[in-house]
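First up is the structure itself, then whatever we jot down about it.
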Amino acid sequence: MSGAARAAVAVLLAAALAGCSLAPEYRRPATATPAAYKESADQAVPGWKPATPAAELPKGAWWTIFGDGDLDALEDQVTAANQDLQAAVARFAQARAAADYARADYFPQVTANASSQRTQHSKNAALKFQPYVYSDHLLAADLSYEIDVWGRVRNSVAAARDRAEASGADLAAVDLALHAELATDYFALRGYDTQQIVLDHTVAAYERALQVTLNRYKGGAAAEADVDQAQTQLETARTQAHDVHLKRLQMEHAVAILVGQPPAQFSVKPAVLQGAAPAVEPGMPSALLERRPDIAAAERQVAAANAEIGVARAAYYPQFDLSAMMGLDSAAPGKWIEAPSRIWGIGPQAAAILFDGGRLDAMNANARAAYDETVANYRQTVLTAFGEVEDNLAALRQLAQEAQTQDAALAAARRALDQANKRYAGGLVTYLEVVSTENVALSAQLSAVNILTRRMTASVLLAKALGGGWTAADDLALDRAVPKEAADSPM
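Quick note: the sequence shown uses this note's numbering, first residue 14, plus one each step.
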């Protein structure tokens, strides 16, 4: 058997072995998953549907469930202009490029080189060269290829692909968080708009009350203390109105930044906060694992760390490479491209570490510890997700009850204020009772607005906690980055 034939046989034998992988068989880490959410079982929010596994949130534009055209328009601007989202897109592109880079190891690397040089050796050297001066012209192509006997390349590609998928889920998580933040800021803005209207009407009413009290004082029907109390009440209401206006301006600036616009060039027309919190089905807790992008990202990091264990284990075993070279070499330019100038070489190589002072052991221990860290992070992410859903289900249930009791309190405060005004007009009570009753009524109005704002915010946060309209299948299809079949057919 010729040398070339023996080399070819060795290559084929090594290739036949290249189906081994030293990575542990991957299984998604087990997590404690309740059968149902506590807050959606026997304490459901009035008007809500029973929990079902269906994810009925709109895909993508989940905020449309609120039916607010102004919010929809702002949300569209977040997608197009938010710089944090653009940065996440760039990180995703980097991860995809890293996956492509890793996948390139499936294929041989071919390089070309050419040189033309004239050399002179020392005539006094220990080893004499004849001739002392000569020319050499070289044109060659080199091929190198790692025969993936132990799965190092395949596991490296799998780890890169899993990280790219995690980056895709991270991008979805950033997108979800930014849209949810805009929605919460928007409803806070509308809450301030509504409070501003209440306070502006209150200031106007207090101005009229002050004027009436001044007239009564001038006519001898009221004490000077009544005037001072009316003036104090008016100025306090004005202060509250100015403070709400400041908060409204700051919230408008926050919205401007989210939609990628300078605050000086951005404004939102005031409007009253209306409507009610939309009904959202929380679904089954087990479905949350597929509906939260941060959970998907954490799980993909676990898969990547699992593949990295295989990469670390492969370092214990010999690395097999195939190298080949062919080209032309001649001392005379005129004979460079003649048949006798041909050169070539082909053959496998193997290299193994015999002693490294414990480096490989440390590398494997590090890979195992990194895997354990990702598992802990995944389980913590799942626990946090369950907690966020429960928190917002509880918030909506409690706030619905608060809204009912607050409406009753507001109605009672208005009746009490009407009676106080009548008694004061009849001279039965001092103006202090009117002031006290008016303050109670104003506080009840502002509390009602605050509760409605919190209910809308809790609905946004529940939609976010449920993953919006996202599912794992939406963003983890990375065939353009790393075709799945490449992992099964490296050549």
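Think of the CB as a built atom: it goes at the ideal place given N, C-alpha and C, for glycine as much as any other residue.
Since the structure is predicted, the reported quantities are computational estimates derived from the model, not experimental observations.
Straight-line Cα distance separating residue 309 from residue 158: Answer to the nearest angstrom: the Cα atoms are 35 Å apart.
Three-state class that DSSP yields for residue 115 in the structure shown: Here residue 115 sits in helix by DSSP.
Runs of beta strand (DSSP E) lying entirely within the region 428 to 457, each at least 3 residues, in chain order: As for any beta strand (DSSP E) of minimum length 3 sitting wholly inside the region 428 to 457, there is none.
Residue of 368, 478, 41 and 421 minimising C-alpha distance to residue 330: Relative to the Cα of residue 330, the nearest Cα in the group 368, 478, 41 and 421 belongs to 368.
Beta-carbon spacing of residue 254, residue 212 below 7 Å: Yes, they are a contact pair.
Inside the region 137 to 190 only - beta strand (DSSP E) runs reaching at least 3 residues: Runs of the beta strand (DSSP E) inside the region 137 to 190: 146 to 160.
DSSP bridge partner residues for residue 361 (one or two, in chain order): Answer by DSSP bridge pairing, in chain order: 335.
Strand pairing of residue 343, partner residues [DSSP]: DSSP, once it has assigned bridges, lists 150 as partnering residue 343.
Extent of the continuous beta strand (DSSP E) to which residue 95 belongs: No beta strand (DSSP E) contains residue 95, which DSSP labels as neither H nor E.
CB contact flag (residue 115, residue 170, <7 Å): Contact flag set, yes.
Residue 295, buried or exposed, once every other Cβ within 10 Å from all chains shown has been counted against 16: When all chains shown are included, residue 295 counts as buried.
Three-state class that DSSP yields for residue 77 in the structure shown: DSSP places residue 77 in helix when its eight states are reduced to three.
Coil, strand or helix - residue 388 by DSSP: Here residue 388 carries a helix assignment [DSSP, helix/strand/coil].
Exposure label - residue 68; buried when at least 16 CB within 10 Å: With a pLDDT of only 44 at residue 68, under 50, the local geometry of the prediction cannot be trusted, and no value is derived from it.
Residue(s) in a DSSP beta bridge with residue 122: The partner list for residue 122 (beta bridge, DSSP) reads 157.
For residue 484, the three-state DSSP class (helix, strand or coil): Note: residue 484 maps to coil in three-state DSSP.
Minimum C-alpha distance to residue 280 - residue among 292, 290 and 261: With distances taken between Cα atoms, residue 280 lies closest to 261.
Cα-Cα separation, residue 5 to residue 147: Lying outside 14 to 504, the shown extent of the chain, residue 5 is not represented and no answer is given.
Integer Cβ distance of residue 444 from residue 190, believed to fall under 8 Å: Going by Cβ atoms, the distance from residue 444 to residue 190 rounds to 51 Å, so no, they are not a contact pair.
C-alpha distance - residue 363 paired with residue 160, whole-angstrom precision: Rounded to whole angstroms, residue 363 to residue 160 spans 10 Å at the Cα level.
N-terminal and C-terminal residue of the alpha helix (DSSP H) that residue 304 is part of: First-last of the alpha helix (DSSP H) with residue 304: 298 to 304.
Rounded C-alpha distance that separates residue 185 from residue 49: Straight-line Cα distance between these residues: approximately 26 Å.
Inter-residue CB distance, residue 391 and residue 319 (contact presumed, cutoff 8 Å): No, residue 391 and residue 319 are not in contact; Cβ-Cβ is about 11 Å, not under 8 Å.
C-alpha gap between residue 102 and residue 306, whole angstroms: Take the alpha-carbon of residue 102 and the one of residue 306: they are about 15 Å apart.
Residue 460 versus residue 419 - alpha carbon distance: Rounded to whole angstroms, residue 460 to residue 419 spans 7 Å at the Cα level.
Buried or exposed (CB count within 10 angstroms, at least 16 for buried), residue 248: Per the 10 Å Cβ criterion, exposed.
Selection from 92, 317, 132 and 105 that minimises the alpha carbon distance to residue 41: If we check each option's Cα against that of residue 41, 317 comes out closest.
Nearest-angstrom Cα separation, counted from residue 131 out to residue 178: When rounded, the separation of the alpha-carbon atoms in residue 178 and residue 131 is 54 Å.
DSSP state of residue 208 mapped onto helix, strand, coil: Residue state, collapsed to three classes: helix.
Whether residue 193 touches residue 473 by CB criterion (7 Å): Yes, the Cβ-Cβ distance between residue 193 and residue 473 is below 7 Å.
Assigned exposure category for residue 477 - 16 Cβ within 10 Å defines buried: Its Cβ being crowded by 16 or more others within 10 Å, residue 477 is buried.
Beta-carbon gap between residue 433 and residue 453 smaller than 7 Å: It is not a contact, given that the beta carbons lie outside the stated cut-off.
Closest Cα partner of residue 302 within the set 47, 37, 238 and 450: Here the closest residue by C-alpha is 47.
One or two residues paired with residue 355 in a DSSP bridge: Bridge partners of residue 355: 341.
For residue 87 and residue 290, the rounded distance between their alpha carbons: Distance between residue 290 and residue 87, taken at the CA atoms: about 19 Å.
Where residue 287 sits in the DSSP three-state scheme: If DSSP states are grouped into helix, strand and coil, residue 287 belongs with coil.
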